[in-house]
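Peer 1:
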Amino acid sequence: MSASNISINGQRLLADLYRLREFGTFKTGVHRPTYSEVDIASRHWIAEQMRSAGLEATIDGIGNVIGRAAGPGPKILLGSHSETQNEAGWLDGALGVMYGLEVARTLAEQGRPGAIDVASWADEEGHYMSFPGSRSFIGELTETEIDASKNRYHGKPLRQALAEGGLAGLPRLQVEPGRYRGYIEAHIEQGDDLEAHDLKIGVVTSIVAIWQYRIRIEGVQNHAGTTRMAIRKDAGAAMVRLATAIEATFPKVCAERSVWTFGRMTLEPGAPSIIPGAAEAYFQFRDAEPAVLDRMHTTLEGLIAEANAAGPCQVSLHIVGRSTPVKSDPALMAALDRGAEKHAPGLWQRMPSGAGHDAQYLAKVMPSAMLFVPSIGGISHHWTEDTADADIVLGCQVLAAACADLLDQG
């Protein structure tokens, strides 16, 4: 059957998403942290749905749920993640997993069995570490990393969480060379660009890099009432001055879609009547262009050098992590373009992703791309996150058409 005749079952798709939403319901969203009891239960449910769709489903030693189609390749791999941020939304990640399941079923029912593999990657949300599921699948995750990893919220060792979830000792599946034509990940936008422009589909051109830093300022702790202002070395005030300088300077060196964030600031000892002797902040910026990232980094270093020269406190900059921007595969994007123009003519655009996704790791070993659908109000990582049912169904129809198109090309 040609791509033009493929038609998904929208009601079935929505029913699956609503059922997955019941695993960890929190208000109108979901609380389903990685490797929690409810997360493990949801992974077994996902595996059951894969099997009912004719896929051979396996939950591996890191918690990935992989549904493999029978027969020779090359196949198209679809998926995303199924755990959530704490007290967060019901579609972030889950949408892409259920899209994969629905496309696999639809193509099998309409004359294309064995064309689609589906994956639900583990811990994209980083409760224990960054992207362990997709990194494991491409062969990047080490046993040493697993040994060292603990939950960032309550400190449980990853090894303990895997054992409690029944995953200890299971093999970790890795990508089979030559099996895949490519990987496509569908996701809610997590921003308001599509909604603000009355658009329904985003074809992702790139996934931004995230460069994250720890900024440390050393001052002198002293009495807040008796220490004259002229002799103070207030680390808290120094951090405020630096943050103000960054906010004033970065707009002059960034690009149109660059963003930057102070995600956490702490004062030591953090008491009302004590001048902070130290301050620490986690700061990050994001962009898809290496030249822009380099420019922002150089600017940050310059501002810190100026702060040290001006005193009275000393500032140090520590690199926490630097990811690499990833460009989407042109052929996969073109298929998504055609699917969008067929099913949402004039209501789609190409756009970058400002968030990190498993696709950036799959792109290291196979052609990869992404599809976005609108987020109501641009809200994500919050229990009010939502997307209209009609937009959910439309996005899956576009994805199904793109997959059939790619299969038609051979």
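Just so you know, we're using the working numbering here: the sequence shown kicks off at 191 and counts up by one. Glycine residues also receive a C-beta, built at the ideal position from the N, C-alpha and C atoms. These numbers come from a predicted model, not from an experiment.
Mind the definition here: the stretch 460 to 470 touches the stretch 412 to 429 only if three or more C-beta pairs lie below 8 Å; say whether that holds.
Peer 2: yes
Peer 1: Could you name the residues of the same chain whose beta carbon sits closer than 7 Å to that of Thr417, not counting the 5 residues immediately before and after it, in chain order?
Peer 2: Ile465
Peer 1: Going by C-alpha to C-alpha distance, which of Ala578, Ala534, Pro515, Gly219 sits closest to Gln550?
Peer 2: Pro515
Peer 1: Can you tell which of Ser565, Gly600, Leu597, Thr488 has the C-alpha that lies nearest to the C-alpha of His387?
Peer 2: Ser565
Peer 1: Beta strand (DSSP E) containing Arg404: first to last residue?
Peer 2: 399 to 408
Peer 1: Please classify Lys442: does DSSP put it in a helix, a strand, or coil?
Peer 2: helix
Peer 1: Given Ile494, which residues of its chain have a CB within under 6 Å of its CB, disregarding the five upstream and five downstream residues?
Peer 2: Val505, Leu507
Peer 1: Does the stretch 305 to 315 come close enough to the stretch 271 to 279 that 3 or more CB-CB pairs lie under 8 Å?
Peer 2: At 8 Å Cβ cutoff, the stretches touch.
Peer 1: Determine the extent of the alpha helix (DSSP H) in which Phe327 is found, giving its start and end residues.
Peer 2: 322 to 327
Peer 1: The alpha helix (DSSP H) spanning Pro480 covers which residue range?
Peer 2: 480 to 500
Peer 1: For Asn199, collect the residues of the same chain with a Cβ closer than 8 Å to its Cβ; drop the 5 residues on either side in sequence, then sort them by chain order.
Peer 2: Glu292, Arg295, Thr296
Peer 1: From Val563 to Val393, what does the alpha carbon distance come to, in whole angstroms?
Peer 2: 9 Å
Peer 1: For the alpha helix (DSSP H) containing Leu584, list its first residue and its last residue.
Peer 2: From DSSP, the alpha helix (DSSP H) with Leu584 extends over 579 to 599.
Peer 1: Please state whether the Cβ-Cβ distance between Phe452 and Phe473 is less than 8 Å.
Peer 2: Between Phe452 and Phe473, the gap from beta carbon to beta carbon is short of 8 Å.
Peer 1: Who does Arg540 pair with in a DSSP beta bridge?
Peer 2: Val393
Peer 1: Per DSSP, Arg601 is paired with what?
Peer 2: One cannot answer for residue 601 here, as it falls past the ends of the chain, which runs 191 to 600.
Peer 1: Looking only at its own chain, which residues have a Cβ that is under 7 Å from the Cβ of Thr577, when we skip the five neighbours before and after it?
Peer 2: Leu281, Ile378, Val563, Pro564, Ser565, Ile566
Peer 1: Indicate whether the contact test is met: 3 or more Cβ pairs, each with one atom in the stretch 299 to 306 and one in the stretch 321 to 341, closer than 8 Å.
Peer 2: no
Peer 1: Express the C-alpha separation of Ala497 and Ser543 in angstroms, rounding to a whole number.
Peer 2: Ala497 has its alpha-carbon roughly 33 Å from the corresponding atom of Ser543.
Peer 1: Express the C-alpha separation of Ala399 and Pro264 in angstroms, rounding to a whole number.
Peer 2: C-alpha separation (whole angstroms): 29 Å.
Peer 1: Counting only the same chain and skipping the five closest in sequence on each side, list residues whose C-beta sits under 6 Å from that of Gln402.
Peer 2: Gln474, Val510, Gly511
Peer 1: Using the three-state DSSP reduction, which class does Met319 fall into: helix, strand or coil?
Peer 2: coil
Peer 1: Classify Ser242: buried if its beta carbon has 16 or more other beta carbons within 10 angstroms, exposed otherwise.
Peer 2: exposed
Peer 1: How is Thr258 classed by DSSP in three states: helix, strand or coil?
Peer 2: The amino acid occupying residue 258 in the given sequence is Arg; Thr does not appear at that position. Strand, per DSSP.
Peer 1: Please list, in chain order, all residues of the same chain as Ser448 whose beta carbon is under 8 Å from its beta carbon, the five residues on each side excluded.
Peer 2: Phe440, Phe475, Arg476, Asp477, Val482, Met486
Peer 1: Strictly by DSSP, which residues pair up with Lys265?
Peer 2: Tyr370
Peer 1: Skipping 5 residues on each side, what residues in its chain have a beta carbon closer than 8 Å to that of Gly286?
Peer 2: Leu268, Gly269, Ser270, His271, Glu375, Ala376, His377
Peer 1: Between Tyr289 and the rest of its own chain, which residues show a CB-CB distance below 6 Å, the 5 nearest in sequence each way excluded?
Peer 2: Ala376, Cys586, Leu589
Peer 1: If you check the beta carbons only, do Tyr370 and Met556 fall under 8 Å apart?
Peer 2: yes
Peer 1: Helix, strand or coil for Leu457, going by three-state DSSP, please let me know.
Peer 2: strand
Peer 1: Rounded to whole angstroms, what is the Cα-Cα separation between Gln380 and Gly279?
Peer 2: 10 Å
Peer 1: Within the continuous alpha helix (DSSP H) that includes Met523, where are the two ends?
Peer 2: 520 to 533 is the span of the alpha helix (DSSP H), which, as asked, contains Met523.
Peer 1: Let me know if Gly257 comes out buried or exposed under the rule of 16 or more other beta-carbons within 10 Å of its beta-carbon.
Peer 2: buried
Peer 1: So what does DSSP say about Tyr225, is it helix, strand or coil?
Peer 2: coil
Peer 1: Under the assumption that Ala259 contacts Gly219 (Cβ atoms under 8 Å), give the Cβ distance between them as a whole number of angstroms.
Peer 2: About 32 Å; that fails the 8 Å criterion.
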